[in-house]
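Each remark here refers to the structure printed beneath this line.
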DNA sequence: TGTTAACCCGACTATTTTGGTAGGGATTGT
DNA sequence: ACAATCCCTACCAAAATAGTCGGGTTAACA
């Protein structure tokens, strides 16, 4: 029941790409440095995000990545699904007890609903707000 | 992000004990048979539930287990905490990015809130309701 | 009081998942 | 051409998971 490093990194990467969405493409190396993610691992994750349709890439020298969709249209659920596949809480090999199964399904749908309600744009807005608060406090 | 077999079994065990709460103690063997849980594994889980204060045991021949508290006062969160320890979604080794961290915390508290809102008594009530529906359909 | 059926405890083990790394190929700007 | 970047497959060590095992402790009961 823990968020994996992979999932966390994926969110950080998409978040970073959203912050720099205006500036055009951003290179994996830069994301890795800014968010403290091992570069070779990040590359794997970016490929998954690309296959999931969240990110576009440009190859070759001065290549890089850019979001394939607007930050407002990308949810945490999208990002997690891209890197983790199926997000269902229950292992399908488990538990055919119908009462308990239904309850788990209910917990799951609540959880997925929450993930879907949070867009990357929300995160960017929060960051801007947090930065402002820091500014006022200086 | 999957529920472990251990956690699932723990819920099933407590659920089964709630169903038989009136009848006094129930033996591990019986729980194992009814809920299809490997007996020796279930024993480990019952010990954890006992240490978590959810279950009482009686040793010796014709011993067994019984809930230590009323089903209404035991939540899914209690059960999971007893067997999994800390339920926080985020690995503490991870991610010091404050914006993303805050969002994960929000998801986490939503999730834990849901788990806390569901009591074992709720499950029992649901089962009774489901059984009734089956009855009407016969 | 001896046997037996239960719970209790610590250690062990096989398998799967996680969190990367490595090598090298493909693509493109300069 | 060459250097930088992305892409793909394969590999690997460590950790977590899902049990198993041996044997000890406790209590009912004959």
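Protein chains in written order, with my numbering: chain A, 81 to 218; chain B, 81 to 218.
Where a beta carbon is used, it is the ideal one built from N, C-alpha and C, also for glycine.
Local conformation of residue i per DSSP, three classes
{"i": "residue 144 of chain B", "result": "strand"}
{"i": "residue 199 of chain A", "result": "strand"}
{"i": "residue 153 of chain B", "result": "helix"}
{"i": "residue 178 of chain A", "result": "helix"}
{"i": "residue 168 of chain B", "result": "coil"}
Proximity winner among the options, relative to residue i (alpha-carbon distances)
{"i": "residue 148 of chain A", "options": "A/184, A/94 and A/88", "result": "A/94"}
{"i": "residue 171 of chain A", "options": "A/181, A/162 and A/163", "result": "A/181"}
{"i": "residue 106 of chain A", "options": "A/135, A/210 and A/116", "result": "A/135"}
{"i": "residue 96 of chain A", "options": "A/140, A/124 and A/117", "result": "A/117"}
{"i": "residue 159 of chain A", "options": "A/192, A/176, A/186 and A/185", "result": "A/192"}
{"i": "residue 111 of chain A", "options": "A/145, A/81 and A/202", "result": "A/145"}
{"i": "residue 142 of chain A", "options": "A/121, A/123 and A/104", "result": "A/104"}
{"i": "residue 83 of chain A", "options": "B/138, B/168 and B/127", "result": "B/168"}
{"i": "residue 126 of chain A", "options": "A/188, A/86, A/203 and A/183", "result": "A/86"}
{"i": "residue 115 of chain A", "options": "A/101, A/102, A/88 and A/124", "result": "A/88"}
Anticipated Cβ contact below 8 Å, residue i with residue j, distance rounded
{"i": "residue 129 of chain B", "j": "residue 91 of chain B", "result": "That pair is no contact at about 10 Å."}
{"i": "residue 98 of chain B", "j": "residue 151 of chain B", "result": "4 Å"}
{"i": "residue 132 of chain B", "j": "residue 113 of chain B", "result": "Actually they do not touch by this definition, with Cβ atoms about 24 Å apart."}
{"i": "residue 207 of chain A", "j": "residue 179 of chain B", "result": "4 Å"}
{"i": "residue 203 of chain B", "j": "residue 183 of chain A", "result": "6 Å"}
**Message:** Please give me, in chain order, every unbroken run of the alpha helix (DSSP H) with length at least 4 that falls completely inside the segment 104-135 of chain A.
**Reply:** Counting whole runs of 4 or more residues, the segment 104-135 of chain A contains the alpha helix (DSSP H) stretches 108-115 and 119-131.
**Prompt:** Do the segment 181-201 of chain B and the segment 151-160 of chain B touch if we need at least three Cβ pairs shorter than 8 Å?
**Reply:** These segments touch.
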